[in-house]
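Novice: The opening position of the sequence shown corresponds to residue 1 in this note's numbering, with each subsequent residue numbered one higher.
We put the beta carbon where it would ideally sit given N, CA and C, even for glycine.
No experiment lies behind these values; they were computed from the predicted model shown.
My questions will all concern the structure given below.
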Amino acid sequence: WVLAMASITDLVVSTVFYLTELTLPIPLPYISSISLLSFLHAVQVSQAYRNILKENHVRIGWFQGLFAIIMMAAGGGSTVCLLRGEPVGILRNDAFWAVYGGVYFLTFSNEYFFSLLNGIPQTLLQPILIVADGILRGVAVAKIGVDGVRLGDIGPGKYVAMLLCGTLCGGGGGIWADAFRLTQHTWSFSTPRVLLAPGVDLKASFVVALFYMLSTSEELFPQGMEHHVLKPIEAQAWSAVLMTSALMYRMINGQLQSKKAVEISEKTAEKEKDQ
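Put into structure tokens, the structure is as follows:
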């Protein structure tokens, strides 16, 4: 059993970090390549944003739309940095702005590109985008959220801070988007609905943060069981798997609920015809 789990863990680690290291070459002198997962995540955020806006996308100013994209994509990690008094990570990452700004520009200014995205069978595209989102979020919860506390100025043993920062890293962007209605063409502040009834994103982020914190904290293991502690890289890979699984569950559950709603609507229409 132990050997089997070790083999599975090795496979998970190699697969997850192989995907995180995949890049796309781009013809720019300063930025020669971009992360494939970041590109896919940018596509996911921009496509979802424009689909939600529908015809109102023409009423969105360029800077308003870009700000909304940045907050939805990196609002969690940026919030954590501000809470800990650290420089916001995206300010040190020009590639981030190139990827998310570029994809946002293409999605909102180029009807051909947007039509191409929506023309791809969503049953094929969405799982790919969710895998990219899940891996990036899971690793961010572990590295930026939990390890950012443990290895930073706050220091090890601050478990509440680890859980809070880890959860915000995975679900903070959604909180900001919900609180300020960033997906609407007119913004307004209100109590975030995700705090009243946490969704899958926030719940999964908390579970992943808890898993990573517990699985890598040797001091929390009973005496004699310290050898079960995971290496950080192993726990990060499993965190990515957990987050991806949760997001996949959300997608499948949403599809099933939509299918049920359609069936109920059809049955209701048939009954009305019979009457």
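Which residues does DSSP list as the beta-bridge partners of T23?
Specialist: The count along the sequence shown starts at 1 and reaches residue 23 at position 23. T23 pairs with S35.
Novice: Quick check: T167 and L196, are their CB atoms within less than 9 Å of each other?
Specialist: Looking up residue 167 in the sequence shown gives position 167. Looking up residue 196 in the sequence shown gives position 196. Contact: no.
Novice: Please work out which residues of its chain come closer than 6 Å, Cβ to Cβ, to F96, disregarding the five sequence neighbours upstream and downstream, and give them in chain order.
Specialist: The count along the sequence shown starts at 1 and reaches residue 96 at position 96. Correct list, in chain order: I90.
Novice: So the alpha helix (DSSP H) Y159 belongs to, where does it begin and stop?
Specialist: Counting from 1 along the sequence shown, the entry for residue 159 is found at position 159. Note, Y159: alpha helix (DSSP H), 159-179.
Novice: With DSSP collapsed to three states, give me the class of L182.
Specialist: As a first step, residue 182 must be located in the sequence shown, where it is residue number 182. DSSP places L182 in coil when its eight states are reduced to three.
Novice: Does the region 55-62 come close enough to the region 71-88 that 3 or more CB-CB pairs lie under 8 Å?
Specialist: Output reads no: the region 55-62 does not touch the region 71-88.
Novice: Report buried or exposed for H227, applying the criterion of at least 16 other Cβ atoms within 10 angstroms of its Cβ.
Specialist: Within the sequence shown, numbered from 1, the residue matching residue 227 stands at position 227. Classification for H227: exposed.
Novice: Would you grab the beta carbon distance between G134 and L22 for me? Rounded to a whole angstrom, and I think it's under 8 Å.
Specialist: Translated into the one-based positions of the sequence shown, residue 134 becomes position 134. Translated into the one-based positions of the sequence shown, residue 22 becomes position 22. That pair is no contact at about 15 Å.
Novice: In the DSSP assignment, the alpha helix (DSSP H) including L28 goes from what residue to what residue?
Specialist: Here residue 28 refers to the residue found at position 28 when the sequence shown is read from its first residue. Unbroken run through L28: none, as it is neither H nor E.
Novice: Output the distance between the C-alpha atoms of A261 and P156, rounded to the nearest integer angstrom.
Specialist: Counted from its first residue, the sequence shown places residue 261 at position 261. Counted from its first residue, the sequence shown places residue 156 at position 156. Straight-line Cα distance between these residues: approximately 48 Å.
Novice: Note down the Cα distance separating G173 from Y112, rounded to an integer number of angstroms.
Specialist: For the purposes of this step, residue 173 is taken as the residue at position 173 of the sequence shown. For the purposes of this step, residue 112 is taken as the residue at position 112 of the sequence shown. Rounded to the nearest angstrom, the two C-alpha atoms are 28 Å apart.
Novice: Do the CB positions of L37 and A142 come within less than 9 Å of each other?
Specialist: Here residue 37 refers to the residue found at position 37 when the sequence shown is read from its first residue. Here residue 142 refers to the residue found at position 142 when the sequence shown is read from its first residue. Cβ distance not < 9 Å, so L37 and A142 don't count as in contact.
Novice: With L210 as the anchor, note down where its alpha helix (DSSP H) starts and where it stops.
Specialist: Taking the sequence shown and counting its residues from 1, one reaches residue 210 at position 210. From DSSP, the alpha helix (DSSP H) with L210 extends over 200-215.
Novice: Answer yes if the region 106-121 comes into contact with the region 144-155, meaning at least three C-beta pairs across the two stretches below 8 Å, and no otherwise.
Specialist: They do not touch, by the three-pair rule.
Novice: When the Cα of N51 is compared with those of Q184, V13, F63, which residue comes out closest?
Specialist: Taking the sequence shown and counting its residues from 1, one reaches residue 51 at position 51. Of the candidates Q184, V13, F63, the one whose C-alpha sits nearest the C-alpha of N51 is Q184.
Novice: Under 9 Å, do M243 and A204 count as touching if we go by C-beta distance?
Specialist: Here the question's residue 243 lines up with position 243 in the sequence shown. Here the question's residue 204 lines up with position 204 in the sequence shown. Against a cut-off of 9 Å, the Cβ pair of A204 and M243 comes out as a contact.
Novice: Figure out for me which residue from D153, A179, G148, L124 has the closest Cα to the Cα of L164.
Specialist: The residue you call residue 164 lines up with position 164 of the sequence shown. Looking at the Cα atoms, G148 is the closest of the given residues.
Novice: One question on the structure: do V43 and R137 come within less than 9 Å of each other, judged by their Cβ atoms?
Specialist: Working through the sequence shown from its first residue, we reach residue 43 at position 43. Working through the sequence shown from its first residue, we reach residue 137 at position 137. It is not a contact, given that the beta carbons lie outside the stated cut-off.
Novice: For S239 versus F211, is the C-beta spacing smaller than 9 Å?
Specialist: As a working note, residue 239 is residue 239 in the sequence shown. As a working note, residue 211 is residue 211 in the sequence shown. Yes, they are a contact pair.
Novice: Would you mind stating whether L24 and S33 have Cβ atoms separated by less than 9 Å?
Specialist: For the purposes of this step, residue 24 is taken as the residue at position 24 of the sequence shown. For the purposes of this step, residue 33 is taken as the residue at position 33 of the sequence shown. Yes. Within cutoff.
Novice: Under 7 Å Cβ to Cβ from D10, same chain only, skipping five residues before and after it: list those, please.
Specialist: Start at 1 with the first residue of the sequence shown, and residue 10 comes out as number 10. Hits under 7 Å: none found.
Novice: Rounded to the nearest angstrom, what separates I31 and E218 at their Cα positions?
Specialist: The count along the sequence shown starts at 1 and reaches residue 31 at position 31. The count along the sequence shown starts at 1 and reaches residue 218 at position 218. In a straight line, the C-alpha of I31 is about 40 Å away from that of E218.
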